[in-house]
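What follows is a short report on a single structure.
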Amino acid sequence: MYFYLKIILCFVFYLFFISTNVSLASDPREWSPVWKLPPGKRPENIVDEFITVPGDVEKSQFFSPISCGSCHPEIFKMWSGSTHANAWKNPLFQALYNLGKKTAKGEWQKRNVESCVRCHHPIGHSSGEKDLPLDDEKGGVICDFCHSVRATTGVGNAPYILNPGNAAAME
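Position 85 of the sequence shown, counted from 1, bears residue number 85 in UniProt numbering, the numbering being contiguous throughout.
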């Protein structure tokens, strides 16, 4: 059993550190490799713009999932047990993420590890927050994050463009 776990972890690290060049670029707007489609064949929501990067939005612009659940209890209940809800606090993800942070060598590997947060805690990433707590109410992929995605730049490592409202003014 231990032998197979080592093989799986080696494979994950191979994919994580070696086979991807997601974070080789120094500009975080280039972290998301994009495979462009010819203009006449791309869906309308794929645009030629820069992706959302740390500091582009504030965490306070997003509603917490609990706010959404007060009007949408069934959807909130389904979401609560989903991989989206648990994307940030998933123990396997956290173990690999923390191991990656400890063992990353060189600037490109450190940036590669940090790019995981783009999908697993997109609001924390997009707001530029560091040291995000596991029990963050806006951790994982929350309702208002998905409902704030305005467009994408193509197929790649979460190439989203956010256009959130201002939840802080409404709550």
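Glycine is no exception: its CB is placed at the ideal position from the N, C-alpha and C atoms.
C-beta neighbour in chain C for residue i, strict 8 Å
| i | result |
| --- | --- |
| residue 88 | In the structure shown, chain C does not exist; there is a single protein chain. |
Where residue i falls, given that 16 or more other Cβ within 10 Å makes a residue buried
| i | result |
| --- | --- |
| residue 125 | buried |
| residue 85 | buried |
| residue 140 | buried |
| residue 102 | exposed |
| residue 83 | exposed |
| residue 105 | exposed |
| residue 164 | buried |
| residue 97 | buried |
| residue 51 | buried |
| residue 130 | exposed |
Assigned secondary structure, residue i (DSSP; H/G/I helix, E/B strand, else coil)
| i | result |
| --- | --- |
| residue 162 | strand |
| residue 95 | helix |
| residue 141 | coil |
| residue 151 | strand |
| residue 85 | coil |
| residue 74 | helix |
| residue 116 | coil |
| residue 19 | Reliability fails at residue 19, whose pLDDT of 44 lies under 50, so the model's placement of it is uncertain and the value that follows must be treated cautiously. Reduced to three states, the DSSP call for residue 19 is coil. |
| residue 157 | coil |
| residue 65 | helix |
| residue 8 | helix |
| residue 125 | helix |
| residue 130 | coil |
| residue 50 | coil |
Same chain only: Cβ atoms within 6 Å of residue i, ignoring 5 sequence neighbours per side
| i | result |
| --- | --- |
| residue 174 | The structure shown has nothing for residue 174, since the chain only spans 1 to 171. |
| residue 128 | 54 and 55 |
| residue 65 | 142 and 143 |
| residue 113 | 100, 101 and 104 |
| residue 122 | 145 |
| residue 75 | none |
Cβ-based neighbour list, residue i, same chain, cut-off 7 Å, excluding 5 preceding and 5 following
| i | result |
| --- | --- |
| residue 117 | 124 and 125 |
| residue 58 | 127 |
Sheet register partners of residue i (DSSP bridge)
| i | result |
| --- | --- |
| residue 103 | Residue 103 pairs with nothing; no bridge assigned. |
Contact belief for residue i with residue j at Cβ below 8 Å, rounded distance in angstroms
| i | j | result |
| --- | --- | --- |
| residue 70 | residue 167 | Their Cβ separation, rounded to whole angstroms, is 13 Å, which puts residue 70 and residue 167 out of contact at 8 Å. |
| residue 120 | residue 79 | With a Cβ gap of about 16 Å, residue 120 and residue 79 do not count as contacting. |
Contact set for residue i: own chain, Cβ-Cβ below 8 Å, skip 5 residues either direction
| i | result |
| --- | --- |
| residue 93 | 87, 116 and 120 |
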